[in-house]
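Notes follow the structure.
Protein chains: 2
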Amino acid sequence: MRPRFSFTLAAQDGQARTGTIAMRRGEIRTPAFMPVGTAATVKAMKPEAVRATGADIILGNTYHLMLRPGAERVARLGGLHRFMNWDRPILTDSGGYQVMSLSELRKLTEEGVEFRSHIDGSRHMLTPERSMEVQRLLGSDIVMAFDECPRADQGRDAIAASMEMSMRWAQRSREAFDTGGDHAEGAALFGIQQGALDADLRRASADALREIGFDGYAIGGLAVGEGQEAMFATLDFAPSQLPADAPRYLMGVGKPDDLVGAVERGVDMFDCVLPSRSGRNGQAFTWNGPLNIRNARFAEDTRPLDERCLCPTCAIYSRAYLHHLQKAGEILGAMLMTEHNLSFYQQLMAAMRNAIENGRFALFATSFRQDYLGSDE
Amino acid sequence: MRPRFSFTLAAQDGQARTGTIAMRRGEIRTPAFMPVGTAATVKAMKPEAVRATGADIILGNTYHLMLRPGAERVARLGGLHRFMNWDRPILTDSGGYQVMSLSELRKLTEEGVEFRSHIDGSRHMLTPERSMEVQRLLGSDIVMAFDECPRADQGRDAIAASMEMSMRWAQRSREAFDTGGDHAEGAALFGIQQGALDADLRRASADALREIGFDGYAIGGLAVGEGQEAMFATLDFAPSQLPADAPRYLMGVGKPDDLVGAVERGVDMFDCVLPSRSGRNGQAFTWNGPLNIRNARFAEDTRPLDERCLCPTCAIYSRAYLHHLQKAGEILGAMLMTEHNLSFYQQLMAAMRNAIENGRFALFATSFRQDYLGSDE
Numbered sequence: 005m006r007p008r009f010s011f012t013l014a015a016q017d018g019q020a021r022t023g024t025i026a027m028r029r030g031e032i033r034t035p036a037f038m039p040v041g042t043a044a045t046v047k048a049m050k051p052e053a054v055r056a057t058g059a060d061i062i063l064g065n066t067y068h069l070m071l072r073p074g075a076e077r078v079a080r081l082g083g084l085h086r087f088m089n090w091d092r093p094i095l096t097d098s099g100g101y102q103v104m105s106l107s108e109l110r111k112l113t114e115e116g117v118e119f120r121s122h123i124d125g126s127r128h129m130l131t132p133e134r135s136m137e138v139q140r141l142l143g144s145d146i147v148m149a150f151d152e153c154p155r156a157d158q159g160r161d162a163i164a165a166s167m168e169m170s171m172r173w174a175q176r177s178r179e180a181f182d183t184g185g186d187h188a189e190g191a192a193l194f195g196i197q198q199g200a201l202d203a204d205l206r207r208a209s210a211d212a213l214r215e216i217g218f219d220g221y222a223i224g225g226l227a228v229g230e231g232q233e234a235m236f237a238t239l240d241f242a243p244s245q246l247p248a249d250a251p252r253y254l255m256g257v258g259k260p261d262d263l264v265g266a267v268e269r270g271v272d273m274f275d276c277v278l279p280s281r282s283g284r285n286g287q288a289f290t291w292n293g294p295l296n297i298r299n300a301r302f303a304e305d306t307r308p309l310d311e312r313c314l315c316p317t318c319a320i321y322s323r324a325y326l327h328h329l330q331k332a333g334e335i336l337g338a339m340l341m342t343e344h345n346l347s348f349y350q351q352l353m354a355a356m357r358n359a360i361e362n363g364r365f366a367l368f369a370t371s372f373r374q375d376y377l378g379s380d381e
Numbered sequence: 005m006r007p008r009f010s011f012t013l014a015a016q017d018g019q020a021r022t023g024t025i026a027m028r029r030g031e032i033r034t035p036a037f038m039p040v041g042t043a044a045t046v047k048a049m050k051p052e053a054v055r056a057t058g059a060d061i062i063l064g065n066t067y068h069l070m071l072r073p074g075a076e077r078v079a080r081l082g083g084l085h086r087f088m089n090w091d092r093p094i095l096t097d098s099g100g101y102q103v104m105s106l107s108e109l110r111k112l113t114e115e116g117v118e119f120r121s122h123i124d125g126s127r128h129m130l131t132p133e134r135s136m137e138v139q140r141l142l143g144s145d146i147v148m149a150f151d152e153c154p155r156a157d158q159g160r161d162a163i164a165a166s167m168e169m170s171m172r173w174a175q176r177s178r179e180a181f182d183t184g185g186d187h188a189e190g191a192a193l194f195g196i197q198q199g200a201l202d203a204d205l206r207r208a209s210a211d212a213l214r215e216i217g218f219d220g221y222a223i224g225g226l227a228v229g230e231g232q233e234a235m236f237a238t239l240d241f242a243p244s245q246l247p248a249d250a251p252r253y254l255m256g257v258g259k260p261d262d263l264v265g266a267v268e269r270g271v272d273m274f275d276c277v278l279p280s281r282s283g284r285n286g287q288a289f290t291w292n293g294p295l296n297i298r299n300a301r302f303a304e305d306t307r308p309l310d311e312r313c314l315c316p317t318c319a320i321y322s323r324a325y326l327h328h329l330q331k332a333g334e335i336l337g338a339m340l341m342t343e344h345n346l347s348f349y350q351q352l353m354a355a356m357r358n359a360i361e362n363g364r365f366a367l368f369a370t371s372f373r374q375d376y377l378g379s380d381e
C-alpha cells in the first residue's frame, strides 16, 4: 500500500528538481502540471483522455463545486472521484481565490468570507473550517489551506496584514483538517505562502507555515498581473524560503515559458486553465511558440499543429481542419485543441523531468526558449 | 475489391427488410441510421467514436460545406474523408433542402436556386449540375440528386409542379453525374421521390425516377411538419412504389418510434440530427422513452441513462453527473449525451436488423412500443 503522502527527490540540477509524490490514489511525477477540472470536468475532455495526456493529478475548484452541484451532494454521490470518473489524485483549491474574484457582495472578516453565489445569488460563508469541510466532502487528496489572495495593487501594509491573516487561517485550516473527521484515502494538506513580491513578507509567511507544518507548500499571490519579470524575481527567493524536502506548488501558472522559468527556480507543481481555456479559443501551444488556429494562413495548411507533438490531434488532424472547426464554432474543435494543449503541457513537463535527471536542464531551457520565443509563428 | 455499389437483401419480414449495401469504402448494414456530420464533423464526437457506436456511414451537408470551408478547398485538401478522418462511406445531400430553409434572398427558377450565404451574405447558385460538382469535389460516396423540397402548406397543383421540376432536375443530375468527371472511389447516385402526401403524385415521381435509373431511391418531402400519422399513411404506399431491389432512404427521419414504423413499412436508410442535437440539449433516448436530463429528479440519480444500453456513457456515468454537466453547460455533457444517443440509435437499428433476420419483427415492434411509448419517464 502506498503511503499517505511521501515526496522523494530523484535528482536536482541547479535549483530544478525532479521526483515523485506518492499517495494512496497514485504517484505524481514532479515537476507536475495539473489540468484544471473546475466543475468536476476538465472541459471538453473525457477523464481517460486527460490521463492519456500524461496527467497524474487534476485540480478541482472548491468554490465552483460547493455552489454546483454542492459539496454535500457530491459526498452523497460517493465523492468527486467517483462522480467524475477520475480515480487518481485530485487537488482541490481552498476557494479563497475564486470567492474574491467571482462571487458577489462578498464581506471579508477575520472569521472568513460571506458572499453570494455568482450562479443563483444564494448566500454562503467560506471560512478555514468550512473550506476544510467542503474539501473533505469532495474527497480531495491534496487539500489547500484557506487563504486570502490580496489584490496586487495594494500597499505593503495591506499586503502584510492580509498575509498575517492568511497565516492565522492556515493555523485554523490545519486544526480543522486534523480534527474534522477522516479524509478519504488519507489526504494531505498544503499551506500557501503569501506576501506578494516582498522578500521579507514571503520569509515571514514561509516561517509561519513551516512552524504549523504541512505536507507541501504553495506559492500564492503570483500570476495575478505582476508580469513574468516580477514573478521570476519573486521566484528567485520564494521557493528556497520553503522546506526543501516538501513539494512547492506555484498556483495558477502559467504559459510554457513561465513553467520552464519556475522549474528552473525550484518549483515542483503547477496548475493553470491556460492550455484548456485558450485551446477552446483557438490558441495552440507548440515547441515553436503559440499559434492562433483562426488565422487565415492556416486555412489550407495540411501540417499538424506541431510536427514534434505526439498527441492524438497531431497524429491525425491538419491545421486546415482545426481552422475550419474553430471558424465554424464546432465542439470538436474545442475537444481536439484542448487535447493537444494538455498533451503539449505534459510533454513539456516530461522533457523537463528528463533534462533534470540527466543534468542538462540549463541546456534544455536555453534550447526551449530559442525555439519557443524565437519563432514568429 | 468491393463493387461500386451493390444492395443485397438478406431477409424480409412483412414489409421490413434487412440487407447490406457494399461500396468501395465499406459495407452498410440496412436498415441503417446515418449520423449527420453537417460541417465535416458529427458534432461533439471524434470520428472513431462515431464508428464505435456502430455507424457504417455518415451524412455530410452540401449546402454547409460548399459555403464553409468550400467544396474546392475540401477537394484541394484531399476530399472530405481525409479532411475529417472518416474513411467509410459518406452520403451527401444535394443542398436542395437547406438552400430553401437556411439561405437568404433565394430565387428559385427552372435553372436552379440563386441565394445568399447565411454565414457571410456571399452570392451562390445551386443547380443540379453545380450540386453534382460540389458532391464530386467533396468526394461523396452516395450522391443525392438535386431536388426542390416544397413547403408542406402548398396546394396540390404547386406540389405537382414542384415534383415535376424535381424530376427534370433528377434527369439533369443523372446526366451531370455521369458526364461530369470521375467520382472518387466509385460513387453512387440516389434519386429523390417527391409528391408530399399524395399517392398519385408519389407514383408519378417514382415512375419518373425509375425511368431515369438510380442506385437507390430516397423518399423526400416528409418529416416537414406533417406529423407521424400522415407520414406513416404516406409510407403505407410510397416505399412499394420504388424498386424493391434498391435501397429506400427516408430523409430527415426521425424519432425512435418513427424509425420502427418506417422500417415496418419497408424503409432501409435514415438520417436525422435528432439524436445529436437533442443530446446537446439534454434529451436522452432510452428503451423506456426519452428523458430530459436537466430535470431536477435526476440530480442524485446514480443510475445510468439506460440500464440496458451498452454505450460508454452508460457504462461509466450516472444520471446525476450528466445532470450536473448539463446544468453547468459543460462540453463534456454534450459529448457524453451525444455518444449515448447515437449509440442508442445504432443499437435500435441492430435490434431491428436482428428481429427481421429472425422473422419476429412484428413482435419486436410491439414490444418496443410498449416500452418506449408506454413509460411516463
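If you're matching them up, the sequences are chains R and L in order. Remember, our numbering sits 4 above the position in the first sequence when you count from 1. Remember, our numbering sits 4 above the position in the second sequence when you count from 1. Note that CB positions come from ideal geometry on N, CA and C, so glycine has one too. Bear in mind the structure is a predicted one, so any value in this text is a computation, not a measurement.
In this chain, E108(R) is not harboured by any alpha helix (DSSP H); it is covered by the beta strand (DSSP E) spanning E108 to L112.
The criterion of a C-beta distance shorter than 7 Å is not satisfied by V138(R) and A210(R).
Remark: C-beta atoms of M235(R) and L246(R) do not approach each other more closely than 7 Å. S126(R) counts as exposed, since fewer than 16 other beta carbons sit within 10 angstroms of its beta carbon.
Residues of chain L whose Cβ lies closer than 7 Å to the Cβ of T57(R) do not exist, since the nearest Cβ in that chain is about 15 Å away. At a cut-off of 7 Å between beta-carbon atoms, F87(L) makes contact with chain R.
Under the DSSP assignment, V78(R) falls in the alpha helix (DSSP H) whose first and last residues are A75 to R80. Taken atom to atom, the span from the alpha-carbon of T66(R) to that of T57(L) is near 36 Å. The closest CA to that of E343(L), considering only I320(L), F365(L), G333(L) and I360(L), is found on I320(L). For E152(L), no beta strand (DSSP E) encloses it, and the DSSP letter there is neither H nor E. Q16(R) is bridged by DSSP to R21(R). Ranked by Cα distance from C153(L), the first of V228(L), D262(L), F119(L) and R6(L) is V228(L). Using a Cβ-Cβ distance cut-off of 8 Å, the stretch 343-360 of chain L and the stretch 273-291 of chain L are in contact, since at least three pairs of beta carbons, one from each stretch, lie closer than that value. With respect to chain R, the C-beta atom of Y325(L) has a partner C-beta closer than 7 Å.
Chain order gives the chain L residues near A43(R) as A332 and E334, where near means a beta carbon separation below 7 Å. In this structure, DSSP gives N362(L) a state outside helix and strand, which the three-state scheme calls coil.
At least one CB of chain L lies nearer than 7 Å to the CB of H328(R). Assigned with DSSP and collapsed to three states, Q198(L) falls in coil, not helix or strand. Around the Cβ of L367(R), a 10 Å sphere holds fewer than 16 other Cβ atoms; the residue is exposed. Ranked by Cα distance from M341(R), the options I360(R), L309(R) and R357(R) are led by L309(R). The C-alpha of Y376(L) is placed about 25 Å away from the C-alpha of R252(L). Non-local C-beta neighbours of P7(R) in its own chain, meaning closer than 7 Å and more than five positions away in sequence, comprise A26, ordered along the chain. Straight-line spacing of the CA atoms in L95(R) and V103(R) works out to 17 Å. Partner residues in the beta bridge of I94(R), as assigned by DSSP, are I62(R). Within the same chain, Cβ atoms closer than 7 Å to the Cβ of T22(R) are found at A14, A15, T34, P35, R357, I360 and E361, the five residues on either side in sequence being excluded. When the five nearest sequence neighbours on each side are left out, the beta carbons in the same chain lying within less than 7 Å of the beta carbon of E133(L) are those of R176 and A180, in order along the chain. Per DSSP, the continuous beta strand (DSSP E) segment holding E31(R) begins and ends at G30 to T34.
The criterion of a C-beta distance shorter than 7 Å is satisfied by V271(L) and L254(L). If you draw a straight line from the Cα of D204(L) to the Cα of P243(L), it is about 13 Å long.
Assigned with DSSP and collapsed to three states, D275(L) falls in strand. For the pair of segments examined, the stretch 296-306 of chain R was found not to touch the stretch 42-58 of chain L: the number of CB pairs separated by less than 8 Å stays below three. Collapsing the DSSP output to three states places L246(R) in coil. At least one beta carbon of chain L lies nearer than 7 Å to the beta carbon of K47(R).
Counting every other CB atom within 10 Å of its CB across the protein chains shown gives A174(L) a total of 16 or more, marking it as buried. At the C-beta level, L239(L) and R269(L) come within 7 Å of one another.
The way I'd put it, the stretch 86-101 of chain L does touch the stretch 135-149 of chain L; three or more beta-carbon pairs between them come closer than 8 Å.
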